[in-house]
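Have a look at the structure below before the remarks.
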Amino acid sequence: MEGKTVIFIGNHPKGTLTCIYKLFYGEYSVNQEYEYFETTNLPEVKYALNHLSFKANCSVELKTNVILKTILFKDETIEINDLKKSTDNVKGNFKLGGNYVTYMDKNPVGKCVCIYKLSFGEISISQTYESFTDESKPLITYRHDGLLPNPSCSIQENNFTILKTVIFNNERTEVGNLQTKIGNEEGNFKLNGTSVAFTDTNPNGDLSCIYQLHYGKISKNQTYKSFKDQNFPPLTYLRGELRLTPNCPMGQGDSVNLQTVSFNGESVEVNDLKSRSDKRKGNFKSDGKFVNFMGTNPKGKLSCIFKLSYGEFSTNQPFEYFSNKNHPIIRYAFNQLVIRPNCSMEPEKNVNLKTILYNDESVEGEYLQNTVSKSKDNFKLEGGSIFFTGDNPKGKCTCVYKLSYGELKTFQEYQSIENTILPEVIYAQDQLNFHPNCSREENLYTKLKTIVLDDKRIEVEGLDDVALSQMGNIKTTKKLIIYTVKNPEGKLSCVYKVPIGEIEKFQNYKSISNETHPVVEYSYKRLGYKANCSRHLNSFTHLRGIRFKDDKTTVVSLQRSRVGALGRLKLEKDFVINTEKNPNGTLFCLYDVPIGEVLVTKKFLTFETDDEENSSNKMEYAASMILGYMICTVEGLSCSTFHKIINEEEQPCARAKLDEKDDKD
Numbered sequence: 001m002e003g004k005t006v007i008f009i010g011n012h013p014k015g016t017l018t019c020i021y022k023l024f025y026g027e028y029s030v031n032q033e034y035e036y037f038e039t040t041n042l043p044e045v046k047y048a049l050n051h052l053s054f055k056a057n058c059s060v061e062l063k064t065n066v067i068l069k070t071i072l073f074k075d076e077t078i079e080i081n082d083l084k085k086s087t088d089n090v091k092g093n094f095k096l097g098g099n100y101v102t103y104m105d106k107n108p109v110g111k112c113v114c115i116y117k118l119s120f121g122e123i124s125i126s127q128t129y130e131s132f133t134d135e136s137k138p139l140i141t142y143r144h145d146g147l148l149p150n151p152s153c154s155i156q157e158n159n160f161t162i163l164k165t166v167i168f169n170n171e172r173t174e175v176g177n178l179q180t181k182i183g184n185e186e187g188n189f190k191l192n193g194t195s196v197a198f199t200d201t202n203p204n205g206d207l208s209c210i211y212q213l214h215y216g217k218i219s220k221n222q223t224y225k226s227f228k229d230q231n232f233p234p235l236t237y238l239r240g241e242l243r244l245t246p247n248c249p250m251g252q253g254d255s256v257n258l259q260t261v262s263f264n265g266e267s268v269e270v271n272d273l274k275s276r277s278d279k280r281k282g283n284f285k286s287d288g289k290f291v292n293f294m295g296t297n298p299k300g301k302l303s304c305i306f307k308l309s310y311g312e313f314s315t316n317q318p319f320e321y322f323s324n325k326n327h328p329i330i331r332y333a334f335n336q337l338v339i340r341p342n343c344s345m346e347p348e349k350n351v352n353l354k355t356i357l358y359n360d361e362s363v364e365g366e367y368l369q370n371t372v373s374k375s376k377d378n379f380k381l382e383g384g385s386i387f388f389t390g391d392n393p394k395g396k397c398t399c400v401y402k403l404s405y406g407e408l409k410t411f412q413e414y415q416s417i418e419n420t421i422l423p424e425v426i427y428a429q430d431q432l433n434f435h436p437n438c439s440r441e442e443n444l445y446t447k448l449k450t451i452v453l454d455d456k457r458i459e460v461e462g463l464d465d466v467a468l469s470q471m472g473n474i475k476t477t478k479k480l481i482i483y484t485v486k487n488p489e490g491k492l493s494c495v496y497k498v499p500i501g502e503i504e505k506f507q508n509y510k511s512i513s514n515e516t517h518p519v520v521e522y523s524y525k526r527l528g529y530k531a532n533c534s535r536h537l538n539s540f541t542h543l544r545g546i547r548f549k550d551d552k553t554t555v556v557s558l559q560r561s562r563v564g565a566l567g568r569l570k571l572e573k574d575f576v577i578n579t580e581k582n583p584n585g586t587l588f589c590l591y592d593v594p595i596g597e598v599l600v601t602k603k604f605l606t607f608e609t610d611d612e613e614n615s616s617n618k619m620e621y622a623a624s625m626i627l628g629y630m631i632c633t634v635e636g637l638s639c640s641t642f643h644k645i646i647n648e649e650e651q652p653c654a655r656a657k658l659d660e661k662d663d664k665d
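What follows is the structure in structure tokens.
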């Protein structure tokens, strides 16, 4: 007690102070309420944007004698008395209504401070407001099969959010339900202690983690994208006609950045290019958006290597150029072509047949693909190629291909090689001046394989001269293989190997012998025709010389004669005749054949039918002549002997000599 006053000395008195006073008659009391207030920071209000169910506010009269004086929100301050004086009780973002002053923004962010005037002093009550929105995290890129952590959502991001729902593309799970499942698994979702993971391999899509706040919900989203190495079809072009520059883009969106570029064995790091003033190194140059390969007529693989969130991947683009091409000539034996002229529809990737031409015939590849029969004229689509179906093709096949840039043409010529029949070798027996033979090779692509003469077959392919010389009847020269046979008869066949199949060269050999006709015996004056020599026995036997007894001449001499006759011999149309009515003797006809000459002998004998003795003598002479002829034939006559018969008056045989008496008869 100090003086006449009693003081309550407790700190921060709160409650009722009662003072009881004694009177002469009775007592009375005085009561005083005491309440203690402190500056207070209320819990933060965290809410999802647009989901706050009330507005930030201050009570006008918190309690008796606790009256609102000032309101502050962010950088705005207002006195309650000023608000009461304003029109409609509104000033700035503040509005007085009933016992509250509200902050009108529906999504308040910041601290609201309410300052109250007390009986003694002032207090403030403050509360912080924070709004939250859905969050999209950076794209996660990874190499296929190379994602290390699975997409997941934390159960509790902080002390004011709780995970409620997880969604990946069209799959979803509620965390409350997941906790009740066996193994804490549902579909591709699994609860692992503090997170929910999406367990599917190589996920591609959007992960949404939905959290519950005090007021509303928010989602945290992240997109996952996997990348595989990409191998593009070849970019084909005609040499010198590429209309673009091989290049790699600097990036392919978020988290996909170009790291390295290579072309065949040449490569460059992008960071290295960026650090250079001219942005160039070797054949690579950067223009800010692309790294370009500057080499001419590029041929090879362009690889663009990109860095991902996890790992890296590459895109690969082959470049292939082509030039028009003439293929080697196809030479084949007639009727022995195994593969018909054709063009493949797609011999290589991005090389597609446009047109096939054979000489002046053509067809579009697309046309045949769209027809039911797959054929037109001499062209047919079969097994991925268009064939020219004409027999034994001769000429040029052209394939026109469409490339990524330009057109390619390939050419191939077809030549059929036919069997050859050489002119027949007709020769006088024993006068052939060469042996049957075959060339070792006709040209670079025609090589001798077999020699056949009638039924005898000799294989010569692959044999050297030593081996050939050990064969009977075979001789060799540098260019020929000779079949040594005397007076060959029949067909000689030289069989040659050509690039495709075999061909033959045929030549027939025919020998001609001297010919003696049967003796012509006739009754005197009854022969009925003139003794003669035909000028042409056939197409290859031509009369050269004639002799009868002491008359001898040649066809040329008779042709030059003014009267066409010499002695008994006369040229008459296609014959040389003996003008005698009753020839008695031997007529010699000497003929030229293609090789050598042959002699045709004709004997004529007359006899008197009414004179037996004379007839008998004539018959004896005829027998003698026949015997003489037989001896002459056995001994044989050479071409030189025939020549002497015409030019030197020699008889072919002593027994065949006619005496003058017989000639006169």
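Be aware that the sequence shown starts at 1, since it is given in UniProt numbering, and climbs by one per residue. Glycine included, each C-beta is placed from N, C-alpha and C at the ideal position. The model shown is predicted, which means the values in this text are computed figures rather than measured ones.
*asked:* Looking only at its chain, what residues have a beta carbon closer than 8 Å to the beta carbon of A623, apart from the 5 residues adjacent to it on each side?
replied: The predicted position of A623 is uncertain, since its pLDDT is 38 and thus under 50; a value taken from the coordinates is nonetheless stated next. Excluding positions up to five away in sequence, the list is empty.
*Pairwise C-alpha distance: V256 and H144*: 14 Å
*Candidates F8, H214, V101: closest to N158 by CA position*: H214
_Close beta carbons around K380, own chain, < 6 Å, minus the five adjacent residues each side_ = F387, T389
*asked:* Just to check my reading of the structure: R535 and D592 have Cβ atoms closer than 8 Å, yes? What is that Cβ distance to the nearest angstrom?
replied: With a Cβ gap of about 11 Å, R535 and D592 do not count as contacting.
*asked:* Using 7 Å as the threshold, is the C-beta distance between L49 and N107 below it?
replied: yes
*Leaving out the 5 sequence neighbours to the left and right, which residues in its chain are closer than 7 Å to L148 when beta-carbon positions are compared?*
Y310
*Could you pull out every residue in the same chain whose Cβ sits closer than 7 Å to the Cβ of I481, ignoring the five residues on either side in sequence?*
N437, C438, R440, L448, I451, V460, L468, I474
*asked:* Among V576, Q259, N324, whose alpha-carbon lies nearest the alpha-carbon of V556?
replied: V576
*Report the residue from T236, P203, N247 whose alpha carbon sits nearest the alpha carbon of F227.*
P203
*asked:* Give me, in chain order, the residues of the same chain whose beta-carbon lies closer than 7 Å to that of K279; leave out the 5 immediate sequence neighbours on both sides.
replied: L273, K285, S286
*P583: which of G596, L590, L569, K402 sits nearest, CA to CA?*
L569
_Restricting to Cα atoms, I'd like to know which of N192, G15, K307, L23 is closest to N31._
G15
*Can you tell me which of E33, Y25, E418 puts its alpha carbon nearest to the alpha carbon of H12?*
E33
*Please determine if the region 111-128 and the region 157-177 are in contact, where contact requires at least 3 C-beta pairs separated by less than 8 Å.*
no
*Pick helix, strand or coil for S362, following the three-state DSSP scheme.*
strand
*Quick one: using the 10 Å Cβ neighbour count with 16 as the cut-off for buried, is V113 buried or exposed?*
buried
*asked:* Tell me the rounded alpha-carbon separation between Y47 and I155.
replied: 18 Å
_Helix, strand or coil at N50 according to DSSP, with G and I counted as helix_ = coil
*Return the first residue and the last residue of the beta strand (DSSP E) that D551 is part of.*
551-554
*Just curious, the alpha helix (DSSP H) that A531 is in, first and last residue?*
No alpha helix (DSSP H) holds A531; DSSP gives it neither H nor E.
*Cross-strand partners of N342 (DSSP beta bridge)*: F387
*Stretch pair the region 535-547 + the region 490-509: three plus CB contacts closer than 8 Å*: no
*asked:* I'd like to check one pair, F548 with L587: are the Cβ atoms closer than 7 Å?
replied: yes
*Residues bridged to A197 [DSSP beta-bridge criterion]*: S152, K190
*Check whether the Cβ atoms of F298 and F319 sit closer than 7 Å, and answer yes or no.*
Reading off the sequence shown, one finds Pro at residue 298, where the question assumed Phe. Yes, these two residues count as a Cβ contact at 7 Å.
*Inter-residue Cα distance where the pair is G585 and I595*: 29 Å
*C-alpha gap between Y142 and D229, whole angstroms*: 11 Å
*Beta-carbon gap between V166 and F189 smaller than 7 Å*: yes
*asked:* Please state the DSSP three-state secondary structure of R560.
replied: helix
_Assigned exposure category for P151 - 16 Cβ within 10 Å defines buried_ = buried
*asked:* Going by DSSP, what residue range makes up the alpha helix (DSSP H) through N370?
replied: Note, N370: premise wrong, no alpha helix (DSSP H); not H, not E.
*Using only alpha-carbon positions, find the residue among T476, P249, T398 that is nearest to K325.*
T398
_Buried or exposed by the 16-neighbour rule on C-beta atoms within 10 Å, applied to Q470_ = exposed
*For R526, is the classification buried or exposed, using 16 other Cβ atoms within 10 angstroms of its Cβ as the cut-off for buried?*
exposed
*Excluding five sequence neighbours on each side, which residues of the same chain lie with their C-beta closer than 6 Å to the C-beta of L139?*
T223, D254, S255
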